[in-house]
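Asks: My questions all concern the structure below.
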Amino acid sequence: MPSSRFRLALAAALVLVLSQFTSAKAASSLRYTLSMPAPQTHYFEVEMALSGFSKQYTDLKMPVWAPGSYLVREFAKNVESVAASAGGQKLRADKIDKNTWRVYHPKAKDFTFRYRVYAFELSVRTSFIDASHGYLNGTSVFMYPAEGKALPSTLVVQPAPGWSQVSTSLRPAGGTFTYQSSSYDELADSPIEIGNQKVLSFEANGTPHTVAMFGNAQYDEAKLLGDMKKVCEEAHRVVGQNPLDRYLFIVHNIERGTGGLEHLFSTTLSVSRNAYSTETGYVNFLGLVAHEYFHLWNVKRIRPIALGPFNYDQENYTHMLWLSEGGTSYFGDAIVQRAGFVSPEQYLANMAADITLVENTPGTKLQSAAESSFDAWIKGYRPNENSPNTGISYYSIGQLISGMLDLMIIHETKGEKSLDDVMRYLYAQYYQKLKRGFTDEEFQDAVAKVAGRRYDDFFRTRVYGTETLDYNTTLGYAGLRLVSAPTTTDAVLGATVSMTSGKPVVTGVVRNGSAWQGGLSVNDEILAVNGIRVTDDPNKLLTGRAPGTSVRLLVNRDAQIQELSFPLLAGTTQRYRIEQLPSPTAEQQKALSKWVRMR
Ligand SMILES: [Zn+2]
């Protein structure tokens, strides 16, 4: 125990330290300069100017993942040429773990940290630069001070020679291509497109919307913008509140589009450049717009508690991606249908196709929607040849759970309320009032509040368990029913075969099917069927056989020839269809018109 005099001295020292800390903190500032002098080499160059950092050292970190894409991608792997300096003097900068650099600056509160990032992965969740354009997600280019995530920052973009456009939802800060972020979270959540992209605009829900189009694509500009506006306005009607003062669509028109990624005030869409020229392609594009735009509510603001503020150092686990993603897919389809781009008949046919997909996936019986969400990091984003046998996509199953839940609420409230009202409640209660995400239990409470009854059994068995959704009872509320027929009555091999380097090679074996029981493996090259040499998919040779027929396969496995003989089992897949009941009641008709709306 220290003496009283010592204690007094300690207290005085503490006050001094605290006051230093607060004043240093108040004076801290952060400025990023992003340059790209040689875009053809695929490098971004970053300079961080840090001021008012009074500790002996500062840790600077690169995220390991990009929010919205649930996989650890180790963005630090692309960092090189790290250098720190203060007043022209080189500072010691040690790498202390996979994504952290410790800069020692004992005598200087202000210092500079420079590095280069190799960016040659053009996807919505990574970063890319070549001679034609640059695109970046903050999470894979900008580091942050470990203790300064909340610090506002300034960003100056210096486009490559000949480039005149910078598109981002970050707020301008005065000065050429200069922007401000209120925190690292905002910088990380505001992708940037740099180049000579075409910049279009429209107004929706009283807010300016910008569309930055990269790549050559043929589309009717006025129609495209008009239709995007319709989709945005329809999406807005779900929650009925607009949290935006601006919104940006970055669209990459490339050979093969790969989807989108949502952000707080923007989205990036990766679209096949010929998508606009066919009706299906165009409606799919509007569906992608609807999905990503609806995310500005569902997941960016109406969110599970684990999804923000983010921990950029590791996986962020939630059981609720079935709602954040599957629910967004459900609303995305509904928005496009409500806006009149898809007929009610086509909408129900699409839903039946989703049921066909889910119910024919063996993994549906093994992995619940909640488990699929939780394991996105190690399963959903890391699929292998056995994935369909062991799990189910939280997008597919989540979309169906959302659809059934919507109809259950409509039925329970006699057509007065729907899943839209649950989203409205969550937005008001958790985003606006409590300013946080919700727990699994709180989501179920929200549904109960809107519906006027609890669905504990439904959540336990269908969301956290693997019981099949009770489609027929639920569809019956709207005067509909689900009918199914076997895809085939023939025997089937139960394996997918792809031509690899001109050879038929097994790429998947269906759990409990003929090939599974008979010992056929992924990577087996099929040489002959019943003594006949094959050079094509053997499934074609095996059509029309009765269940129980035996088959002999000659296979090449690891350069050793093997013969397999096994009986062909009947196919077990079903094709589903949703049809109307012959004479629906007035209540059923009311429920249907609430569930499948048409404006
Ligand atoms: Zn999504």
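Residue numbers (the numbering used here): -12 to 586.
For every residue, glycine included, the Cβ atom is placed at its ideal position computed from N, Cα and C.
Small disclaimer: the values here were computed from a predicted structure and weren't measured.
Tell whether a beta-carbon distance below 8 Å holds between Trp364 and Leu58.
Replies: Cβ atoms of Trp364 and Leu58: closer than 8 Å.
Asks: Do you know how far the Cα of Ser488 is from the Cα of Ala546?
Replies: Ala546 and Ser488: Cα-Cα distance of roughly 15 Å.
Asks: Between His398 and ligand 1, is the CB less than 7 Å from at least one heavy atom?
Replies: It does not: the Cβ of His398 is nowhere closer than 7 Å to a heavy atom of ligand 1.
Asks: For the segment 150 to 165 against the segment 211 to 218, do three or more pairs of beta-carbon atoms, one drawn from each stretch, fall closer than 8 Å, so that the two count as touching?
Replies: As far as the Cβ criterion goes, the segment 150 to 165 does not touch the segment 211 to 218, which means the pair count is below three.
Asks: Indicate whether Gly313 and Gln431 have their beta-carbon atoms separated by less than 8 Å.
Replies: Contact: no.
Asks: With a CB to CB cut of under 6 Å and the five nearest residues on each side skipped, what residues in its chain are close to Thr483?
Replies: Thr494, Gly495.
Asks: Report whether the distance from the Cβ of Gly202 to the nearest heavy atom of ligand 2 is below 7 Å.
Replies: This structure does not include ligand 2; its bound ligands are ligand 1.
Asks: What are the uninterrupted segments assigned as beta strand (DSSP E) that are 3 or more residues long and contained completely in the segment 121 to 184, given in chain order?
Replies: The qualifying runs are 140 to 145, 152 to 155, 165 to 168, 179 to 182.
Asks: Would you call the segment 85 to 104 in contact with the segment 40 to 48, where contact means no fewer than 3 C-beta pairs closer than 8 Å?
Replies: Cβ pair count under 8 Å is three or more, so yes.
Asks: How would you write the range of the beta strand (DSSP E) that Glu399 sits in, first residue to last?
Replies: That residue, Glu399, is in no beta strand (DSSP E); its alpha helix (DSSP H) goes 381 to 399.
Asks: Could you pull out every residue in the same chain whose Cβ sits closer than 6 Å to the Cβ of Arg101, ignoring the five residues on either side in sequence?
Replies: Contacts found: Glu34, Ala70.
Asks: Any heavy atom of ligand 1 within a distance shorter than 7 Å of the CB on His282?
Replies: Yes, ligand 1 has a heavy atom inside 7 Å of this Cβ.
Asks: Should Pro370 go down as buried or exposed, given a rule of 16 or more other Cβ atoms within 10 Å for buried?
Replies: Exposed is the call here.
Asks: In the structure shown, what three-state DSSP assignment does Met410 receive?
Replies: DSSP places Met410 in helix when its eight states are reduced to three.
Asks: Relative to the alpha-carbon of Leu456, which residue among Ser169, Gly390, Ala137, Gly466 has its alpha-carbon at the smallest distance?
Replies: The shortest C-alpha separation from Leu456 is found at Gly390.
Asks: Do Tyr451 and Leu469 have their C-beta atoms closer together than 8 Å?
Replies: Contact flag unset, no.
Asks: Considering just the uninterrupted stretch of the alpha helix (DSSP H) at Ile322, what are its terminal residues?
Replies: Unbroken alpha helix (DSSP H) run through Ile322: 315 to 325.
Asks: Got a sec, what are the start and stop residues for the alpha helix (DSSP H) Thr254 sits in?
Replies: No alpha helix (DSSP H) contains Thr254, which is instead part of the beta strand (DSSP E) from 253 to 259.
Asks: Can you give the Cα-Cα distance for Asp81 and Ser156, rounded to whole angstroms?
Replies: Rounded to whole angstroms, Asp81 to Ser156 spans 34 Å at the Cα level.
Asks: At a cut-off of 7 Å, is His250 close to ligand 1 when judged by its beta-carbon and the heavy atoms of the ligand?
Replies: Outside the cutoff, so no.
Asks: If I follow the unbroken alpha helix (DSSP H) through Glu429, where does it start and stop?
Replies: Run containing Glu429: 427 to 438, per the alpha helix (DSSP H) assignment.
Asks: Can you give the beta carbon distance from Asp172 to His250, rounded, assuming they're within the 8 Å contact cut?
Replies: Not quite, the Cβ-Cβ distance comes to about 11 Å (not below 8 Å), so this is no contact.
Asks: Under the criterion of a Cβ to heavy atom distance below 7 Å, does Thr305 qualify as lining ligand 1?
Replies: No - ligand 1 has no heavy atom lying nearer than 7 Å to the Cβ of Thr305.
Asks: Assuming Tyr102 is part of the beta strand (DSSP E), what are its boundary residues?
Replies: Start and end: 98 to 105.
Asks: Distance, Cα to Cα, Thr343 vs Glu302?
Replies: Taking the straight line joining both Cα atoms gives about 32 Å.
Asks: Could you work out which residue in Thr560, Ser360, Leu579, Glu429 is closest to Gly463 when comparing CA atoms only?
Replies: Gly463 has its Cα closest to that of Leu579, out of Thr560, Ser360, Leu579, Glu429.
Asks: Return the Cβ separation of Val90 and Thr20 in integer angstroms, given the expectation that the two are a contact with Cβ distance under 8 Å.
Replies: With a Cβ gap of about 17 Å, Val90 and Thr20 do not count as contacting.
Asks: For a test of the three-state rule: what should DSSP assign to Met307, helix, strand or coil?
Replies: Coil.
Asks: Considering only heavy atoms of ligand 1, does any lie closer than 7 Å to the CB of Thr315?
Replies: Thr315: yes, Cβ under 7 Å from ligand 1.
Asks: Could you have a look at Lys48 and say whether DSSP puts it in helix, strand or coil?
Replies: Of the three classes helix, strand and coil, the one that applies to Lys48 here is strand, per DSSP.
Asks: Whole alpha helix (DSSP H) runs in the segment 504 to 562 with 4 or more residues, listed along the chain?
Replies: As far as the segment 504 to 562 is concerned, its whole alpha helix (DSSP H) runs of at least 4 residues are 525 to 528.
Asks: According to DSSP, is Tyr91 helix, strand or coil?
Replies: Tyr91 falls in the strand class under three-state DSSP.
Asks: Can you list, in chain order, the residues of its chain with a C-beta nearer than 6 Å to that of Val144? Leave out the 5 residues immediately preceding and following it.
Replies: Same-chain partners within the cutoff: Leu21, Val153, Phe164.
Asks: Could you name the residues that DSSP lists as bridge partners for Asn240?
Replies: Answer by DSSP bridge pairing, in chain order: Val258.
Asks: Out of curiosity, what's the CA-to-CA distance linking Thr56 and Tyr30?
Replies: In the sequence as presented, Thr is not what sits at residue 56; that position holds Ser. About 23 Å.
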